Each structure stands twice: as C-alpha cells, then as structure tokens.
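Notes for the one structure printed next.
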Amino acid sequence: VSIERDRFVNRVLQYAMSGDDAENSINAVLQYLGTELHADRAYIFEDMHDGTFDNTYEWCRDGVTAEIENLKGVPFEGVVDAWYQEYERNQHILIYDIEAYRKVSKNMYDVLKPQGINTLVTGPLELNGQYVGFFGVDNPPAESMKYISEIIHLLSYFLSQLILLRDGHNRLVRYSYFDSMTGARNRRALTEFEKEKFDPSISYGFVMCDINGLKTANDTL
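Everything in the sequence shown is counted per this note's numbering, starting at 30 for the first residue and increasing by one.
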C-alpha cells in the first residue's frame, strides 16, 4: 500500500510540475486525482475573504453533472466552519454515509445532499499557517476511503503551493497590463488586445490623454 501511495503521489507531482502555468497544473492534478481514485468529482473551494467560499476548480467523471456554478457563496459561519474545526483535529474529513453525517452538521448536509454525494474525502489548503480553502473528492469507493485520506493529506501542501504560484502569476499579469493608480489598462494591454483578441468586425475605441500639470502634482504631492 505504501509503495502504491508513493507512486500515486509522485505521479501527481509530475502533473503539478509539467503544466505550462499553475491553472493548467491545478486542473491536471484534479483530473488525475478524480480518475485514479474512481471518484465522481474532484474540486477546490477557496476563501473569498467575505465570509463565503467558492468552488473555483472542478473535474467531473463522464456522465456526472458539474456543480461548480451552483456552489458559489457557501457561507463560512454555520457551514464551512464545521469542517475547519475538524481539520484542526484530524487534517481530513471522511464521510462514509451522507445520511449519517446529517447528525454531525445539518447545514453541510443540506449543501452536499443535492449534489448526489454519498461518500466524501476532503482536506484543507493552507498557506503561511492559515487555511485558504479545501479540496476533495466525491463518491470514492468506500473501501478505499482510508487510503484516499492519506493521499489527500499528502497532496494538501502541493496544491496549496500551486494556488500560491497562480496568485503570484496573476499579480504579475496585473502589474504588466494595468495602471496601478487608476486601474485602467495600459499601452501593453492595448497591444496584446490588438494582437490576440481584436475582432475586425467589431468596433472598439481607446483613450490616450495628457493632463496639464500632472508632473508637478506627482513631484510635489
């Protein structure tokens, strides 16, 4: 079992490191995770820093309905907080029977049940000592749950690092294409638009302006 687990984790790391960007790597890891663990879904939820969580990534087995658009704004208080408390104790959550879990957390049961979930394994995503979300798989085989929970625990760090890389990349893109003071797109963004996204059949416009006295204002104020 240990050899098989290590093989699995090593394979996931290959997917994580082989993508051309963090977004593609995250999706590749989830696809491999869901496929190899014979799950219906593999997913990530992220803290939106407004008291809610969004399903930001999802892989679904063929024939399984995607839920990512339905799982936005899941409240922390009264729902996700129950899982965070469990993460503090065990670093993962195993649900062998969704009906039995109703007695543990009725609010979370009400979120999970409409998705057709019977079994579930989930673990936290953590950066700099703070939980930033969670990930998991839905409806894996019950006989594999304990083995899967060990894999989820081992992968938590690597998925968290991919999210960190993604956020760093997104910040660099914003710095490159947006003016930091006004939020307006800059000349580089215009060039990229014309090269990659411009549709000759649709009109567009842009504004370039000079403001009298701006240098003096910048220098003195």
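Where is the CB? At the ideal position from N, CA and C, for every residue including glycine. These figures come from a predicted structure and were not determined experimentally.
Could you tell me whether the Cβ atoms of residue i and residue j are closer together than 8 Å?
{"i": "residue 206", "j": "residue 200", "result": "no"}
{"i": "residue 184", "j": "residue 55", "result": "no"}
{"i": "residue 137", "j": "residue 108", "result": "yes"}
{"i": "residue 189", "j": "residue 155", "result": "yes"}
{"i": "residue 169", "j": "residue 66", "result": "yes"}
{"i": "residue 144", "j": "residue 167", "result": "yes"}
{"i": "residue 70", "j": "residue 89", "result": "yes"}
Thinking just about the alpha-carbon of each residue, which of the options is nearest to the one in residue i?
{"i": "residue 146", "options": "123, 119 and 158", "result": "123"}
{"i": "residue 172", "options": "51, 68 and 50", "result": "68"}
{"i": "residue 202", "options": "46, 32 and 50", "result": "50"}
{"i": "residue 72", "options": "218, 163 and 243", "result": "163"}
{"i": "residue 91", "options": "224, 60, 175 and 43", "result": "60"}
{"i": "residue 83", "options": "89, 131, 157 and 161", "result": "161"}
{"i": "residue 197", "options": "118, 52 and 186", "result": "52"}
{"i": "residue 116", "options": "158, 94 and 187", "result": "158"}
{"i": "residue 105", "options": "247, 119, 70 and 79", "result": "79"}
{"i": "residue 237", "options": "231, 219 and 223", "result": "219"}
{"i": "residue 234", "options": "212, 174, 31 and 222", "result": "222"}
{"i": "residue 34", "options": "227, 175 and 249", "result": "175"}
With H, G and I counted as helix, E and B as strand and the rest as coil, what does DSSP make of residue i?
{"i": "residue 72", "result": "strand"}
{"i": "residue 59", "result": "helix"}
{"i": "residue 249", "result": "helix"}
{"i": "residue 80", "result": "coil"}
{"i": "residue 169", "result": "coil"}
{"i": "residue 100", "result": "coil"}
{"i": "residue 197", "result": "helix"}
{"i": "residue 145", "result": "coil"}
{"i": "residue 158", "result": "coil"}
{"i": "residue 108", "result": "helix"}
{"i": "residue 177", "result": "helix"}
{"i": "residue 66", "result": "coil"}
{"i": "residue 90", "result": "coil"}
{"i": "residue 118", "result": "helix"}
{"i": "residue 41", "result": "helix"}
Please work out which residues of its chain come closer than 6 Å, Cβ to Cβ, to residue i, disregarding the five sequence neighbours upstream and downstream, and give them in chain order.
{"i": "residue 102", "result": "81"}
{"i": "residue 58", "result": "41, 44 and 45"}
{"i": "residue 120", "result": "182"}
{"i": "residue 85", "result": "73 and 75"}
Below 8 Å on the Cβ atoms is my contact criterion, and I expect residue i with residue j to pass it. Report the Cβ-Cβ distance as a whole number of Å.
{"i": "residue 112", "j": "residue 148", "result": "With 8 Å as the limit, residue 112 and residue 148 do not qualify as a contact, their Cβ atoms being about 16 Å apart."}
{"i": "residue 260", "j": "residue 75", "result": "Given that the chain is displayed from residue 30 to residue 250, the structure contains no residue 260 and the question cannot be resolved."}
{"i": "residue 180", "j": "residue 38", "result": "7 Å"}
Got a sec? Which residues, its chain only, sit under 8 Å from residue i by beta carbon, not counting five neighbours each side?
{"i": "residue 140", "result": "100, 103 and 108"}
{"i": "residue 127", "result": "138, 141, 142, 146, 147, 148 and 149"}
{"i": "residue 130", "result": "124, 137, 138 and 141"}
{"i": "residue 47", "result": "54 and 57"}
{"i": "residue 133", "result": "111"}
{"i": "residue 246", "result": "none"}
Return the chain-ordered list of same chain residues with a C-beta closer than 7 Å to the C-beta of residue i, the five sequence neighbours on each side being excluded.
{"i": "residue 165", "result": "72, 149, 150, 151, 152 and 181"}
{"i": "residue 194", "result": "51"}
{"i": "residue 94", "result": "none"}
Should residue i be counted as a contact of the ligand GTP given a C-beta to heavy atom distance under 7 Å?
{"i": "residue 192", "result": "What this structure holds is no ligand at all, so the ligand GTP is not there to describe."}
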